[in-house]
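The structure appears right after this line, and notes come after that.
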Amino acid sequence: MRGAHPDAGGSRFPLAAKALRGAMPAATRTRLPVVPGSAAAAQPTARATTRAPRNWALYLFLILLPLQNITAGYLPNIGGGFNFLNVMFLISLFTAMAQGGKLAPNEPVNTWTTVYAVYMTLSLLVGFHFVDDPTNHFNQLKDHMVGLFVVYVVQMSVRDWNGVRMVVFATLLPLPYIAKVVWNQHRSVASTHYTDDLRISGTFALLGANEFAAFCVTVAVVLFALLLACRLSRKWKIVLMGGIACMILGVLYAYSRTAYISLIMGMVVVIMVWRGRLKLILPLCLAVVIAPAVLPKSVVERFDSTTVEEGKRDESTELRIEYWKIAWANFLRNPVVGTGYHTFHHREINPYGRDTHNLYIRTLSEGGVFGAITLLGILLAVLRTAMREVREARTGTWRYALALGMMGAWVSMVIANLFGDRFTYYPVIAYFWAYMGLVMKARHLPPEDSAR
Numbered sequence: 000m001r002g003a004h005p006d007a008g009g010s011r012f013p014l015a016a017k018a019l020r021g022a023m024p025a026a027t028r029t030r031l032p033v034v035p036g037s038a039a040a041a042q043p044t045a046r047a048t049t050r051a052p053r054n055w056a057l058y059l060f061l062i063l064l065p066l067q068n069i070t071a072g073y074l075p076n077i078g079g080g081f082n083f084l085n086v087m088f089l090i091s092l093f094t095a096m097a098q099g100g101k102l103a104p105n106e107p108v109n110t111w112t113t114v115y116a117v118y119m120t121l122s123l124l125v126g127f128h129f130v131d132d133p134t135n136h137f138n139q140l141k142d143h144m145v146g147l148f149v150v151y152v153v154q155m156s157v158r159d160w161n162g163v164r165m166v167v168f169a170t171l172l173p174l175p176y177i178a179k180v181v182w183n184q185h186r187s188v189a190s191t192h193y194t195d196d197l198r199i200s201g202t203f204a205l206l207g208a209n210e211f212a213a214f215c216v217t218v219a220v221v222l223f224a225l226l227l228a229c230r231l232s233r234k235w236k237i238v239l240m241g242g243i244a245c246m247i248l249g250v251l252y253a254y255s256r257t258a259y260i261s262l263i264m265g266m267v268v269v270i271m272v273w274r275g276r277l278k279l280i281l282p283l284c285l286a287v288v289i290a291p292a293v294l295p296k297s298v299v300e301r302f303d304s305t306t307v308e309e310g311k312r313d314e315s316t317e318l319r320i321e322y323w324k325i326a327w328a329n330f331l332r333n334p335v336v337g338t339g340y341h342t343f344h345h346r347e348i349n350p351y352g353r354d355t356h357n358l359y360i361r362t363l364s365e366g367g368v369f370g371a372i373t374l375l376g377i378l379l380a381v382l383r384t385a386m387r388e389v390r391e392a393r394t395g396t397w398r399y400a401l402a403l404g405m406m407g408a409w410v411s412m413v414i415a416n417l418f419g420d421r422f423t424y425y426p427v428i429a430y431f432w433a434y435m436g437l438v439m440k441a442r443h444l445p446p447e448d449s450a451r
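Below you can see the structure in the form of structure tokens.
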């Protein structure tokens with residue numbers, strides 16, 4: 000028939016239609032329209048409606064992670080060191096595996112994470128020979144690994160850019176509640192002048208103010224990078240600004256000197272590495288001038304109480320230096336493998352029965368040279384991966400902004416661990432590893448669409 004398409008009636012005479020297609024040039028075949036009602040017409044629709052599976056257990060796990068006041072106070076404790084969050088982590092992991100989730104291939108962070116986890120397990124066994132009562136060591140290591148392995152679960156759970164955004168959104172959801180708890184706690188102890196009684200731990204019911212502030216710093220820096228460097232809708236920008244405000248409130252009223260410094264340094268790194276940094280030179284200068292005038296007086300006084308000059312140190316600083324001396328002496332006695340995981344606070348090692356308040360010196364003391372190498376390896380792998388993504392990703396994308404945020408968060412974490420342990424407590428570090436998982440997986444996702 001004149002004007003009839005070669006595939007007309009293809010659904011009625013499939014063999015003839017197939018023969019006609021085979022006789023035509025490939026270029027011509029690719030331009031053939033699809034006849035309505037045919038099997039070929041149904042295929043694009045099926046592909047368009049197929050959605051990547053969502054790991055809802057992971058989202059709930061991420062929402063509950065920083066809410067220790069709820070998980071420890073109201074959710075059931077299974078016993079034997081296992082709690083509701085441990086169960087949620089396992090459910091998240093098994094869900095990701097059941098959905099066929101895969102790790103991002105050829106990523107050094109994954110390799111070093113495994114090496115670090117294996118060595119910490121061996122170090123746990125070493126500790127049995129140095130202390131009399133290592134009863135709680137296994138549970139401490141288990142919780143440490145829960146926070147660390149979030150990087151694996153997030154990679155396995157994310158299949159597309161909507162999945163990336165959903166993980167970020169899950170970490171945003173608990174922030175208004177955290178800010179409310181912080182504000183209520185602050186009002187109950189508020190004072191014009193600084194005293195140690197003003198320090199609050201927000202929703203970190205089982206940890207202290209320093210750990211809570213470190214968590215707030217990580218989230219604030221990453222959200223700041225997303226707000227600054229990613230092309231987003233107005234709704235997303237409003238949500239991110241609200242999240243940043245919630246976290247800054249937490250940092251201010253935790254009165255953690257280390258957190259103040261690490262927050263400033265993390266945000267400065269984000270601004271300086273950002274490819275559009277020239278736009279912020281004037282606002283940054285204004286912020287430096289205005290900040291001391293608008294900060295609460297008690298916050299300014301918190302800095303004034305700090306000195307490292309011998310004979311004028313505050314008690315906290317003096318004790319930390321003493322712990323460091325003991326840890327270094329212990330490392331010199333056991334330089335290869337140390338005295339084992341989670342042993343320094345035992346009185347057989349440290350007569351004060353306290354932690355070192357420095358992750359790096361404690362790692363040398365407990366893990367020896369091998370422990371220090373594994374820790375250094377995982378930290379450098381994170382930094383190199385973030386730098387690679389910032390260099391290779393397209394400006395304005397989620398991939399670029401997340402990597403930029405991780406560079407700032409990395410600097411903040413490294414500084415914070417000079418004066419405490421902000422690496423082994425899973426409520427503190429889990430969001431850091433969640434964001435890192437997104438950075439690694441983003442490299443292997445299809446190009447970002449225009450929808451934000």
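In this text, residue positions in the sequence shown follow numbering that gives the first Met the number 0: the first is 0, and each later residue adds one.
Every residue gets a Cβ at the ideal spot worked out from N, C-alpha and C, and that includes glycine.
If you compare alpha carbons, which of the options is closest to residue i?
i	options	result
Arg256	Phe418, Ala116, Gly100	Phe418
Val166	Leu123, Ala429, His443	Ala429
Arg332	Arg346, Pro426, Glu365	Glu365
Leu59	Pro133, Gly404, Ile348, Leu171	Leu171
Tyr434	Gly80, Gly72, Asp195, Thr384	Thr384
Arg50	Val157, Arg421, Pro334, His345	Val157
Ala169	Thr134, Ala408, Leu239	Leu239
Gly367	Met144, Trp327, Asn357	Trp327
Met264	Ile237, Asn183, Leu74, Gly407	Gly407
Ala469	Ala392, Val427, Gln98	Outside the displayed span of the chain (0 to 451) sits residue 469, for which this structure offers no information.
Trp182	Pro350, His341, Asn68, Leu248	Leu248
His185	Leu206, Leu251, Val130, His344	Leu251
Leu318	Val125, Leu74, Pro350	Pro350
Pro446	Asn416, Pro65, Arg393	Arg393
Phe203	Gly72, Lys141, Leu66, Thr396	Leu66
Met119	Glu106, His128, Leu140	Leu140
Arg421	Leu285, Phe214, Ala244, Leu231	Phe214
Pro173	Thr113, Leu61, Arg230	Leu61
Ile360	Tyr259, Asn416, Arg230	Asn416
Residue i and residue j: beta carbons closer than 8 Å?
i	j	result
Ile177	Val188	no
Ala116	Ala224	no
Val108	Met439	yes
Val336	Ser122	yes
Val221	Met405	yes
Met155	Gly100	yes
Val180	Gly201	yes
Thr342	Ile348	yes
Tyr425	His143	yes
Gly78	Tyr340	no
Val218	Trp397	no
Sorted by chain position, which residues of the same chain lie with C-beta nearer than 7 Å to residue i's C-beta, five sequence neighbours on each side aside?
i	result
Leu227	Val269, Trp273
Val152	Leu57, Ser91, Leu92, Ala95
Thr362	Gly370, Ala371, Leu374
Leu455	Limits of the chain in this structure are 0 at one end and 451 at the other, which puts residue 455 out of reach.
Ala41	Its pLDDT being 43, under 50, Ala41 is placed unreliably by the model, and nothing is read from it.
Leu403	Ala224, Ala228, Val269, Val272, Trp273, Val389
Asn85	Val145
Gly352	His344, Arg346
Phe431	Thr217, Ala408, Met412
Met266	Val220, Phe223, Gly407
Pull up the DSSP beta-bridge partners for residue i, would you.
i	result
Asn416	Paired residue(s): none; Asn416 is not in a bridge.
Cys229	Gly395
Phe81	Gly78
Let's test the definition: count the other Cβ atoms within 10 Å of the Cβ of residue i and tell me whether it reaches 16, buried, or not, exposed.
i	result
Ile377	buried
Leu437	buried
Ile289	exposed
Trp160	buried
Ser261	buried
Ala97	exposed
Arg233	exposed
Ile237	exposed
Glu391	exposed
Tyr73	exposed
Ala441	buried
Leu358	buried
Thr113	exposed
Pro133	buried
Going along the chain, which residues of its own chain have a beta-carbon closer than 6 Å to the beta-carbon of residue i, five neighbours each way excluded?
i	result
Trp111	Gly376, Ile377, Ala380
Gly80	Asn138
Using a Cβ cut-off of 8 Å (strictly closer), state whether residue i contacts chain B.
i	result
Val438	Among the protein chains of the structure shown there is no chain B, as only one such chain exists.
Under 8 Å Cβ to Cβ from residue i, same chain only, skipping five residues before and after it: list those, please.
i	result
His443	Ala103, Pro104
Val130	Thr338, Gly339, Thr342, His345, Glu347, Ile348
Asn76	Asn82, Phe83
Pro175	Gly241, Cys245
Phe321	Per the sequence presented here, residue 321 reads as Glu, with Phe not at that position. Cβ neighbours of Glu321 beyond the five flanking positions: Tyr351.
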